[in-house]
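Residue numbers (this note's numbering), protein chains in the order written: chain L, 1 to 177; chain R, 178 to 354.
What follows is the structure, encoded as structure tokens:
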């Protein structure tokens, strides 16, 4: 799988709490290596920590940054490439093959509300999961599903307390410690 | 594309407004034929109506139902099959090929919070987009992306006022009337 980290910019704690939580959960569930929140919102990082201790994946990086732009600059200088998800970008079907072969780290920038033009100019790729208005949560999910060719859905999470055994009907949860 | 309709059950107007709006926007953007809301929340249907008049797709069905279970029963009697998206179901990779060949209408049930066991028993398929906790918005997006083999991202919407021309850098929006 490609080594992706998700940077959520422009988070507004009152308005975006649940949507940003969904972004972070999607990052973890679909095989990203970490989630970085621009700004401060303890409650979100706490929610994800609880999910990690129950469902596994202790290596999942979670951190905050004061300044998304500085984070992106540093990333490009020292760590790898930057992909900005935006409905104005090029169709994911066109861009994904190039991204699938990335061996380095990929920072995926996901905005809330209006994104500053700076991010368009300072990302290596502006990728659109369709050019229609919808949801950054779905866009991130599909991006990770495509870049990992669906393999992320079979990912095993270390150190889980429980896991689900998929059923045609009903629920089956088993303890794994 | 497969003729899908999305039923959002268990919507709690205060808590779920934004997430349910994202579910409805994903339904429209990814080629579903309609969105049905269990319960009453005028603000969501209004938001989607505004998106439709600007971005197109007047044929997109939007309606409310008082009772999701009765809706599902009627659907199976008269209209087609029912797919329930749940983290407890069988892996989408296993179930999707059978669903891709559906020529009739498919009702996709998307829950908020805890879903009554009734839906597990009374759906034709319980499908998991991964067996990890994440987001019904991402689950629906990936489900529609997979069932339509990615074709939904190139869908043209009739009667749009504007549309985006995807760019490597920056934004380009054109009027189409």
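Every residue gets a Cβ at the ideal spot worked out from N, C-alpha and C, and that includes glycine.
It should be emphasised that the depicted structure is a prediction, and the values quoted were computed from it without experimental measurement.
Go ahead and label residue i buried or exposed: buried means 16 or more other beta carbons lie within 10 angstroms of its beta carbon, across all protein chains shown.
| i | result |
| --- | --- |
| residue 204(R) | buried |
| residue 36(L) | buried |
| residue 329(R) | buried |
| residue 8(L) | buried |
| residue 350(R) | exposed |
| residue 98(L) | exposed |
| residue 303(R) | buried |
| residue 148(L) | buried |
| residue 238(R) | exposed |
| residue 131(L) | buried |
| residue 53(L) | exposed |
| residue 353(R) | exposed |
| residue 170(L) | exposed |
| residue 278(R) | exposed |
| residue 313(R) | buried |
| residue 287(R) | buried |
| residue 165(L) | exposed |
| residue 272(R) | buried |
| residue 104(L) | exposed |
Do we get a CB-CB distance below 9 Å when we pair residue i with the residues of chain R?
| i | result |
| --- | --- |
| residue 161(L) | no |
| residue 55(L) | yes |
| residue 173(L) | yes |
| residue 72(L) | no |
| residue 168(L) | yes |
| residue 116(L) | no |
| residue 145(L) | yes |
| residue 9(L) | no |
| residue 25(L) | yes |
| residue 15(L) | yes |
| residue 153(L) | yes |
| residue 204(L) | Here chain L comprises residues numbered 1 to 177, so residue 204(L) is not present and cannot be evaluated. |
| residue 164(L) | yes |
| residue 3(L) | no |
May I ask you to report which of helix, strand or coil DSSP gives residue i?
| i | result |
| --- | --- |
| residue 314(R) | helix |
| residue 101(L) | coil |
| residue 175(L) | strand |
| residue 241(R) | strand |
| residue 204(R) | helix |
| residue 268(R) | strand |
| residue 247(R) | helix |
| residue 157(L) | coil |
| residue 117(L) | helix |
| residue 169(L) | coil |
| residue 52(L) | helix |
| residue 46(L) | helix |
| residue 22(L) | helix |
| residue 192(R) | helix |
Taking only beta-carbon positions, decide if residue i is within less than 9 Å of chain L.
| i | result |
| --- | --- |
| residue 119(R) | The structure shown has nothing for residue 119(R), since chain R only spans 178 to 354. |
| residue 268(R) | yes |
| residue 327(R) | yes |
| residue 298(R) | yes |
| residue 196(R) | yes |
| residue 334(R) | yes |
| residue 228(R) | yes |
| residue 183(R) | no |
### Message
For the structure I just gave you, are there three or more beta carbon pairs, one from the segment 244-251 of chain R and one from the segment 287-300 of chain R, closer than 8 Å?
### Response
yes
message = Three Cβ pairs or more, each shorter than 8 Å: is that satisfied between the segment 217-228 of chain R and the segment 317-337 of chain R?
response = no
message = Please list, in chain order, the residues of the segment 306-317 of chain R that have any C-beta partner in chain L closer than 9 Å.
response = 306, 307, 308, 309, 310, 311, 312, 313, 314, 315, 316 and 317
Query raised in the report: Which residues, taken in chain order from the segment 205-225 of chain R, show a beta carbon closer than 9 Å to some beta carbon of chain L?
Result: 205, 206 and 207
- [ ] Output, in sequence order along the chain, the residues in the segment 59-89 of chain L whose CB is closer than 9 Å to any CB in chain R.
- [x] 86, 87, 88 and 89
| said: Would the segment 181-197 of chain R count as touching the segment 297-310 of chain R if we require 3 or more Cβ pairs under 8 Å? | reply: no
So, do the segment 70-85 of chain L and the segment 328-345 of chain R have three or more beta carbon pairs nearer to each other than 8 Å? no
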